[in-house]
Amino acid sequence: MLFFIYTTFVVPLTVLIPIVYGFKNYSNLPRAFKIILAFIIFSAFMNTSSTIVARVFHKQTTGFFHVYTPFEFAFVIAFFAEFYNTKIRNMLYVLIAAFAIFCVLNTVYLESMMQLDGNARSVDAIILIACCMLFFAKNNNDLDSRWADHASNWITAGLLLYYSCSLFMFIFFNKMTEAGIMSDIIIYIYATILAIEYILFAVGFNKCRAQQAISISK
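So the sequence shown is residues 1 to 218, counted in UniProt numbering.
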């Protein structure tokens with residue numbers, strides 16, 4: 001019962017925390033942060049729809065991931081693109097299109113809607129982890145400023161935590177769905193990581209002021 005309440009109600013409701021802070025500081029949010037806010041709202045909609053389908057209609061919801069993954073990738077890459085110059089930004093937009101095509105081909109030829117799109121989500125996580133690491137490498141060279149003062153660091157920390165910890169689950173989920181208690185443990189850990197990510201997003205939104213987020217295009 002506690003597992004059900006935690007994963008079905010407590011964790012999903014934590015998404016409201018960054019949404020509240022996002023709208024509270026919306027006028028001060030740079031474009032990159034507005035993209036992340038839109039991503040959070042989209043995620044909340046998809047997760048709520050998936051929960052209703054699973055709990056009310058008792059239907060399999062792996063198909064939601066096949067739709068969600070390319071949009072997730074697009075939102076996060078678009079966030080990072082805002083910190084680069086036009087040339088690199090356009091390259092990242094091409095990467096978004098290429099990944100969307102990969103997702104479609106993966107669904108058609110490799111992993112059907114009846115399976116979690118582990119291949120696509122694994123590639124998604126690896127690329128986004130690399131983006132987070134590159135962001136930190138280029139955006140935190142100023143020894144005179146505190147890491148915690150940069151709102152973008154909190155957003156990126158949330159993304160890095162989520163994708164680095166979830167990569168293992170994305171790779172092996174289809175093989176572990178019949179593992180009983182092991183599957184429950186994986187879902188519990190995944191839900192906890194998601195809640196922490198939302199809290200880090202909220203901290204990032206709360207730290208936003210009128211100034212632009214630090215650019216790493218130099």
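All C-beta atoms, glycine included, are put in the ideal place defined by N, C-alpha and C.
As the structure is a computational prediction, the values presented were derived from the model and not from experiment.
Buried versus exposed, by CB contacts within 10 Å (16 or more), residue 108: exposed
Other residues of its chain near residue 17: CB distance less than 7 Å, five sequence neighbours each side excluded: 198, 199 and 202
Integer Cβ distance of residue 126 from residue 167, believed to fall under 8 Å: 7 Å
For residue 62 and residue 114, believed in contact at Cβ under 8 Å, the rounded distance: 6 Å
With 16 other Cβ atoms within 10 Å as the buried cut-off, status of residue 120: buried
Contacts around residue 44, its chain only, beta-carbon distance under 6 Å, and the 5 residues preceding and following it disregarded: 15
Short Cβ contact (7 Å threshold) for residue 50 with residue 64: yes
Spatial distance of residue 32 from residue 146 (CA atoms): 21 Å
Inter-stretch contact at 8 Å, needing at least 3 Cβ pairs: the segment 124 to 138 / the segment 182 to 196: no
Three-state secondary structure (DSSP) of residue 222: Outside the displayed span of the chain (1 to 218) sits residue 222, for which this structure offers no information.
Neighbourhood of residue 54 by C-beta, 6 Å cutoff - its chain only, sequence neighbours within 5 removed: 61
Given residue 80 as reference, the closest of 11, 186, 57 and 156 once Cα atoms are compared: 156
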